[in-house]
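The next block holds one structure in the form of structure tokens; read it before the comments.
Structure follows, in structure tokens:
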């Protein structure tokens with residue numbers, strides 16, 4: 306088999322086999338927990354345990370994975386996960402589930418940063434990112450309904466999930482990263498605005514669904530109805546990954562759409578009709594998928610050096626969302642399961658507000674900094690290169706900036722620039738000959 310095709314095929318399979326057991330457990334563990342006497346708070350603490358362990362371990366292991374080896378981390382993580390899942394078979398006390406979920410997170414922190422990093426080792430990032438994302442999203446689609454078919458024997462879904470994970474660990478041996486020359490590399494990335502903020506909310510939103518919805522829908526619609534809703538709605542994650550490239554040139558529009566669709570949590574709170582719940586959850590998953598794809602796609606175009614750290618931060622930020630979502634949802638469950646969705650709706654509104662604030666209201670966040678002007682003579686014309694004064698600001702290669710082009714008389718008369726332009730900017734900014742002035746500079 307051609308090495309390129311083999312790599313993409315194995316990447317798809319490993320992504321699928323890594324997500325299949327995880328989605329089976331996410332669907333069935335809350336149902337299992339309720340059957341052995343767990344309360345809404347315990348369900349929340351199960352999600353919290355997974356999230357808090359994953360937040361720290363994903364970053365630490367991601368940072369070390371370059372030295373350990375991505376394939377070795379992947380193999381060990383999947384085999385470790387297969388063993389941990391079998392612990393569910395012996396559990397009779399609900400509180401022990403909190404500990405097991407924490408161990409799950411530890412093993413998965415070996416898997417996902419490594420898989421994401423391995424997706425980078427291919428010259429066609431669109432193809433490798435697509436194989437990776439479609440693989441795990443397809444597993445998310447079929448796993449809940451598959452799990453609902455095997456609930457007659459209480460522990461059978463755990464045994465099946467363990468088998469999937471073990472198979473993935475064995476297949477990982479055959480994955481060989483391809484060597485290639487990096488092109489179109491983004492030298493810098495704003496971790497806060499482009500990775501941590503959007504992917505944290507992704508983790509917050511989906512963790513609330515994974516922690517509570519299968520149990521909630523199981524009570525309202527039965528276990529098979531719950532599995533059907535979770536599986537059908539998960540199809541929209543796949544659809545999001547297929548349509549997300551439409552927004553890759555305008556990522557802030559895509560993320561805004563993704564955040565905006567989270568407001569459908571209010572429908573989950575108000576209505577209990579099967580169809581409305583299905584449509585609302587589908588749209589929530591679609592929005593979450595767009596957010597996830599955009600952030601991961603951005604990481605795929607950064608340089609290889611430090612990739613493990615960036616994928617670790619990516620997964621750690623998801624983990625932070627996994628921590629906060631179930632904890633807040635668990636506290637809200639004291640007032641009833643319905644109030645979990647109300648809390649998620651309020652959180653969606655808050656995140657959407659701050660996203661619009663930092664991305665669509667640029668004048669509010671533009672910095673005014675002092676610049677020093679240097680004269681450069683060329684072809685008998687004088688232009689000025691502005692360089693930041695030491696301690697005020699520094700230009701970073703690969704970053705683009707919005708620059709206000711000022712005419713001195715306008716600046717003096719009105720106190721602000723009449724217009725702004727978007728010139729190509731790297732290390733220096735070229736303006737008309739002026740005396741030293743204040744210039745508004747803003748990161749794009």
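Residue numbers (our numbering): 306 to 749.
Think of the CB as a built atom: it goes at the ideal place given N, C-alpha and C, for glycine as much as any other residue.
- By the C-beta criterion, the segment 531-544 is judged not to be in contact with the segment 654-666, since fewer than 3 inter-stretch pairs fall below 8 Å.
- Look at residue 576 here: in three-state DSSP terms it is coil, with no helix or strand label.
- Closest option to residue 326, judged by alpha-carbon separation, among 464, 347, 415 and 414: 464.
- Here residue 375 carries a helix assignment [DSSP, helix/strand/coil].
- One alpha carbon belongs to residue 566, the other to residue 466, and they sit about 31 Å apart.
- Residue state for residue 584 is assigned as helix, using DSSP reduced to three classes.
- A direct Cα-to-Cα measurement between residue 395 and residue 513 gives close to 26 Å.
- In this structure residue 431 is exposed. Its beta-carbon is surrounded by fewer than 16 other beta-carbon atoms within 10 angstroms.
- Ranked by how close their Cα comes to the Cα of residue 313, the residues 650, 425 and 500 have 425 in first place.
- In the three-state reduction of the DSSP assignment, residue 421 falls in the helix class, which pools H, G and I.
- In the structure shown, residue 643 adopts helical secondary structure according to DSSP, grouped into three states.
- In this structure, residue 619 and residue 421 form a Cβ contact; the two beta carbons are roughly 7 Å apart against a cut-off of 8 Å.
- Of the candidates 318, 345, 545 and 338, 345 places its Cα closest to the Cα of residue 635.
- A check of alpha carbon separations from residue 586 across 594, 595, 573 and 443 identifies 573 as the nearest.
- Under the 8 Å Cβ criterion, the segment 378-386 counts as touching the segment 470-481, having at least three qualifying pairs.
- DSSP places residue 427 outside both helix and strand once states are collapsed to three, so it counts as coil.
- For residue 647 and residue 633, the gap between their C-alpha atoms comes out near 11 Å.
- Judged by DSSP in its simplified three-state form, residue 456 adopts coil rather than helix or strand.
- The segment 312-357 contains no complete beta strand (DSSP E) run of 3 or more residues.
- With a cut-off of 8 Å on Cβ pairs, the segment 364-377 is not in contact with the segment 316-332, counting fewer than three such pairs.
- The alpha-carbon of residue 535 is positioned some 21 Å away from that of residue 458.
- For the pair of segments examined, the segment 591-605 was found to touch the segment 496-513: the number of CB pairs separated by less than 8 Å reaches three.
- Nearest to residue 591 by C-alpha distance, out of 577, 568, 645 and 523, is 568.
- Counting along the chain, residue 398 sits inside no alpha helix (DSSP H), nor does DSSP assign it H or E at all.
- The beta carbon of residue 336 is closer than 8 Å to those of 456, 519, 520, 523, 528 and 531 in its chain, skipping five residues each way along the sequence.
- A Cβ-Cβ contact shorter than 7 Å links residue 624 with residue 360.
- When DSSP states are grouped into helix, strand and coil, residue 480 belongs to the coil group.
- Boundaries for residue 498: no alpha helix (DSSP H) harbours it, and the DSSP string shows neither H nor E there.
- The criterion of a C-beta distance shorter than 7 Å is satisfied by residue 389 and residue 412.
- Under the DSSP assignment, residue 515 falls outside any alpha helix (DSSP H); it carries neither an H nor an E label.
- Assignment of residue 527 by DSSP, reduced to helix, strand and coil, places it in the coil class.
- With a beta-carbon spacing of about 21 Å, residue 440 and residue 627 fall beyond the 8 Å limit used to define contacts.
- Put simply, of 349, 533 and 454 the residue whose alpha carbon is nearest the alpha carbon of residue 399 is 349.
- The shortest C-alpha to C-alpha distance from residue 339 to any of 642, 307, 597 and 651 is the one to 642.
- Contact between residue 332 and residue 452 holds: CB atoms are separated by about 5 Å, below the 8 Å threshold.
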